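Inspection log for the structure reproduced underneath, given as structure tokens.
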């Protein structure tokens with residue numbers, strides 16, 4: 003296995019309430035969807051991420067590309083991508099430092115707005131990834147036609163790798179083979195054991211993420227990490243992220 007390098011990261015949304023304590027995204031995201039606040043939340047997260055990338059660059063740090071989840075609802079809105087571009091321009095952050103992650107339901111959305119947003123991101127050089135791949139209902143035709151950079155193998159399949167779960171291994175092999183044929187990079191999500199990492203590396207997965215490599219980090223801790231490791235490296239197969 004090649005030397006492990008930091009090649010990217012993902013922005014995670016967390017809510018620490020003075021009364022309720024730590025509120026799980028599994029609790030507040032559905033509320034945001036039901037109340038119509040998800041659009042505002044997505045725009046706010048984009049602003050926070052880009053503002054932080056600018057701050058790190060001002061401090062002389064070289065952050066890696068950072069991914070953010072975008073809801074299917076926001077992806078149907080032309081104004082979300084406009085907001086994203088405006089933030090990048092305002093804070094002078096290179097487009098290559100932001101990656102957008104969508105779900106499989108977004109992938110098969112045939113609305114003109116969603117398809118238009120995908121094309122705008124491609125033209126702007128912003129990479130597009132499909133999160134939790136294999137858990138939804140995606141059309142293979144869209145994988146071939148759309149400018150996707152990554153497929154992220156869902157943790158529910160990664161859990162069974164390197165052990166005796168032949169079903170998980172068969173599904174993961176199918177995803178890896180399909181992605182390779184289409185020229186799309188693969189990411190193994192939720193890697194927690196050395197056996198899982200070894201299996202993914204041996205079977206050609208391009209990148210991995212999970213607690214085996216790092217737990218979620220606060221801003222200061224992540225800044226310390228990139229100040230030591232840097233991110234001025236190319237994407238190499240079998241690197242860990």
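Numbering (our numbering), first residue to last: 3 to 243.
Where is the CB? At the ideal position from N, CA and C, for every residue including glycine.
Computed from a predicted structure; not experimentally measured.
Pairing CB atoms from the region 162-172 with CB atoms from the region 113-125, are three or more of them under 8 angstroms?
no
Note down the Cα distance separating residue 39 from residue 204, rounded to an integer number of angstroms.
43 angstroms
Smallest Cα separation from residue 226: which of 61, 50, 49 and 35?
Taking each of 61, 50, 49 and 35 in turn and checking the Cα distance to residue 226, the smallest one comes out for 61.
Could you tell me if residue 101 is buried or exposed, where buried requires 16 or more neighbouring beta carbons within 10 angstroms of its beta carbon?
Residue 101 should be labelled buried.
Helix, strand or coil, according to DSSP, for residue 169 in the structure here?
helix
Using the C-alpha atoms, what's the distance from residue 81 back to residue 197?
44 angstroms
Per DSSP, the bridge partner or partners of residue 101
Bridge partners of residue 101: 69 and 129.
For residue 187, which three-state DSSP category applies?
strand
Quick one, which of 24, 189, 54 and 28 has its alpha-carbon nearest residue 210's?
Comparing Cα-Cα distances from residue 210 to each of 24, 189, 54 and 28, the minimum goes to 189.
Can you give the Cα-Cα distance for residue 202 and residue 154, rounded to whole angstroms?
12 angstroms
Which residues share a DSSP beta bridge with residue 19?
Answer by DSSP bridge pairing, in chain order: 23.
Cβ shell of residue 35 (< 8 angstroms), same chain only, five flanking positions each side left out:
So the qualifying residues of the chain are 73 and 75.
Distance check for residue 222 and residue 208, CA to CA, integer angstroms please.
28 angstroms
Does the beta-carbon of residue 149 have 16 or more other beta-carbons within 10 angstroms, so that it is buried, or is it exposed?
exposed
Confirm, please, whether the CB-CB distance from residue 66 to residue 10 is below 7 angstroms.
yes
Looking at the unbroken alpha helix (DSSP H) that takes in residue 199, where does it start and where does it end?
196-204
Apply the 10 Å Cβ neighbour rule to residue 83 and answer buried if 16 or more other Cβ atoms are within range, or exposed otherwise.
buried
What does the alpha-carbon distance come out to for the pair residue 14 and residue 124?
23 angstroms
Whether residue 63 touches residue 228 by CB criterion (7 angstroms):
yes
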